[in-house]
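Okay, so here's the structure we're looking at.
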Amino acid sequence: MLKFQRSFLLLLFSLLAVSAAAQKDSTKKTSTIDITSSYKPVLRNAVKINFAAAQLNADTTKPKMNYSVPAQNLFYSYQPIALKPLALQQDTNLYLGMRNYLKVGFGNFSTPYVSAGFSFGDGKKSLLNLYADYISSKGKIKYQDYAQLTLKAMGSYFTPKSEAYGSVAVSQYDTYLYGYDHTLYNYKKDSIRNQFQDITLRAGIRNTTMGEFGIKYNPNVQVNNFTNKNKLSESSIIVTAPIEKQFGEAFSIKVEGKADITTYSTKDLTSNVKINNNILQVAPSLGFSSPRFSINGGIIPTWDNGTFVWLPNVYAEGQVKEKTFLIQAGWVGRYVKNTFRNLSAINPYLQTIAAQTNTKEIEYYGGIKATAGKHFNFSAKAGFLSYTNFALFINDTATDNKAFKVIHEAKANNLRIHGDISYINQDRFTLTAGLTLNGYTGFNNNGKAWNTVPMEFTSSLRWWAFKQVLLKGDFYMFGGGNYLAKNNAAQSFSGGTDLSAGMEFKVNKMFSAWLDVNNILNNKYERWHNYEVYGLNVLGGVRVTF
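All residue numbers for the sequence shown refer to the numbering used here, where the first residue is 265 and numbers rise by one.
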């Protein structure tokens, strides 16, 4: 045992000695690092994006644009226009870029002329326009005098979605019943004076945007007070309430209600009268509109002084060739209200009437509209009209023949052909012309269509020849009709022509000079029997714009 212990100790000491020797030898050895180059950190090269200019591919997809365009139809009254002594049409003024103007002039036949216009407001929130016009003349025939004064104010107030508008107008017309035999009669001037005073008030509200419900509205009311000095008084109120609902882009429903109420009374008749003349209407219709075709179909239930009738309201337009050729057709009806105010606008030489009878008019028509090139347009229309209680004018042959009476034809027809052309080159040159032919038939109560015209031709020229010079011309011609002379003898009157020309020269930014020459051919025609118009007349003056 002791021997084993000695052997174990000897082995342990031997191992310790070997370990110590190995550790001593390891401490003597040194580790080294060889550096062959210095370290420099470098960023990786960035990749640069190169843009190459290349044209985008064209979008060949054809957009689908459906426009809701209401049918543009013109309904002509086809009534004889009022030709008054020296009845000048409103001049086309040279636009000078300013909002206020004053135009004054003087001409032969002792003719003073004044016209003025003033504008206020920014046109976005509010707008107010004021107008004033005056003209008078004295002819060579005794009491062949004429005067007209008009004052008018128009205003609008705008909101983001609607417009409230209104106007007031006051007019006075002075004419004289000079169409009598001056060798047989000698009247005082005041006794044959026809002095009309007309006051008109109008107000309404309409939406300027369709809104989310797609509804358009424009209710409005108009009040007229018309008087003839010491002879008659007439008051009217006209309430109109149109509303339209759009369904999608093609269909729409329209409903329009209208009430036209008139009270008329006389002062100079042996047995004075006071009457009412009322027309009530409701006009529902359904419309369809596409880029190439549109149609409106509806009826107009009407109460004419308590008598019920219905009027057609059907018309359509279709494009045969897009934007160049269009055909139209229709079956429409309307009432012409024969108030003294409306009748005197046609013939200013009326005597006081004792009754009012309205005219019903039904028309079947067809026509075309076309565009040639960029500037030339023309249209043609043929229609057959049937009248009930057609108003006619005849001289009062029972007395001195100076005034006109109103009579009515129970049933009458008219084949009417109308055509017009125009050439418009921006705002520098405009030429228009129109021709209307009337063929009246079917008269039973009257032998002829008294004091109507079978043909009318009108044309107008406006040419800005230079930057400062405006040239203009107008030509009117009508064919002769028939009138009733004494002893109930039918006579015909000759037609007439009226050629006018004028110019306006812009002196500077504020001042312009103008000149009008009317009835250049000096044709003293009679539109109304015994009432000869003025001959050649010249009117000139200055215009101030500020």
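Note that beta-carbon positions come from the ideal geometry of N, C-alpha and C, so glycine has one too.
key: Counted within 10 angstroms of its Cβ, other Cβ atoms place lysine 452 as buried (16 or more) or exposed   = With fewer than 16 Cβ atoms within 10 Å of its Cβ, lysine 452 is classed as exposed.
query = What do you reckon, are the CB atoms on asparagine 602 and alanine 655 nearer than 7 Å?
reply = The answer is yes: Cβ separation under 7 Å.
message = As a quick exercise: from Ala674, Arg470, Tyr377 and Phe642, pick the residue whose alpha carbon is nearest that of threonine 696.
response = Phe642
ask   = How close, in whole Å, do the beta carbons of tyrosine 798 and serine 379 come, if the pair is a contact with beta carbons under 8 Å?
value = About 20 Å; that fails the 8 Å criterion.
task = Jot down the residue ranges of each uninterrupted alpha helix (DSSP H) in the segment 590-673, minimum 4 residues, whole runs only, in chain order.
result = 604-610
query = For the putative contact between proline 555 and valine 519, defined by C-beta atoms under 8 Å, what is the C-beta separation to the nearest angstrom?
reply = With 8 Å as the limit, proline 555 and valine 519 do not qualify as a contact, their Cβ atoms being about 26 Å apart.
ask   = Where does histidine 446 land, buried or exposed, given buried means 16+ other C-beta within 10 angstroms?
value = exposed
Reduced DSSP category for lysine 736 - H, G, I as helix; E, B as strand; rest coil = strand
Minimum C-alpha distance to threonine 365 - residue among Ser776, Asn794, Val802 and Glu790 = The sequence given here places tyrosine at residue 365; threonine does not occur at that position. That would be Ser776, whose Cα lies nearest to the Cα of tyrosine 365.
query = When the Cα atoms are used, what is the spatial distance from threonine 761 to tryptophan 792?
reply = Across the structure, threonine 761 and tryptophan 792 are spaced so that their CA atoms are roughly 14 Å apart.
key: Proximity of leucine 803 and asparagine 783 at Cβ, strictly below 7 Å   = Taking 7 Å as the cut-off, the beta carbon of leucine 803 is found no closer than this to the beta carbon of asparagine 783.
task = Kindly list the residues whose CB is nearer than 8 Å to the CB of alanine 634, restricted to its own chain and excluding five residues on each side of it in sequence; keep chain order.
result = Excluding residues within five positions, the ones whose Cβ falls inside 8 Å are Thr588, Phe589, Leu590, Asn641, Phe642 and Ser643.
ask   = Under a Cβ-count criterion, where at least 16 other Cβ atoms within 10 Å of its own Cβ denotes burial, should isoleucine 617 be classed as buried or exposed?
value = buried
inquiry  = Within 10 Å of its beta-carbon, does alanine 729 have 16 or more other beta-carbons around it, so buried, or fewer, so exposed?
reply    = exposed
task = Quick one: residues in its chain with C-beta nearer than 6 Å to the C-beta of glutamine 755, no 5 flanking neighbours on either side, listed in chain order?
result = Around glutamine 755: Tyr747 and Ala749.
ask   = Would you call the CB atoms of asparagine 677 and glycine 706 closer than 7 Å?
value = yes
inquiry  = Using the three-state DSSP reduction, which class does lysine 416 fall into: helix, strand or coil?
reply    = strand
ask   = Apart from the five residues on each side of it in sequence, which residues of its chain come closer than 6 Å, Cβ to Cβ, to glycine 847?
value = Residue 847 falls outside the range modelled here, since the chain spans only 265 to 810, and no answer is possible.
task = Evaluate arginine 692 with the Cβ neighbour count: other Cβ atoms within 10 Å of its Cβ, from every protein chain shown; 16 or more gives buried, anything less gives exposed.
result = exposed
inquiry  = By DSSP's criteria, proline 376 is part of a beta bridge. Which residues make up the other side?
reply    = Phe370
key: Extent of the continuous beta strand (DSSP E) to which serine 553 belongs   = In the DSSP annotation of this structure, the continuous segment of the beta strand (DSSP E) that includes serine 553 starts and ends at 538-553.
N-terminal and C-terminal residue of the beta strand (DSSP E) that glycine 561 is part of = 557-568
query = I think serine 558 touches isoleucine 525, with their Cβ atoms under 8 Å apart; what is that distance to the nearest whole Å?
reply = Rounded, the Cβ-Cβ distance is 34 Å, inconsistent with contact.
request  = Mind the definition here: the segment 394-413 touches the segment 433-443 only if three or more C-beta pairs lie below 8 Å; say whether that holds.
outcome  = yes
task = Please name the residue in Val600, Phe460 and Tyr429 whose C-alpha comes closest to that of threonine 491.
result = Phe460
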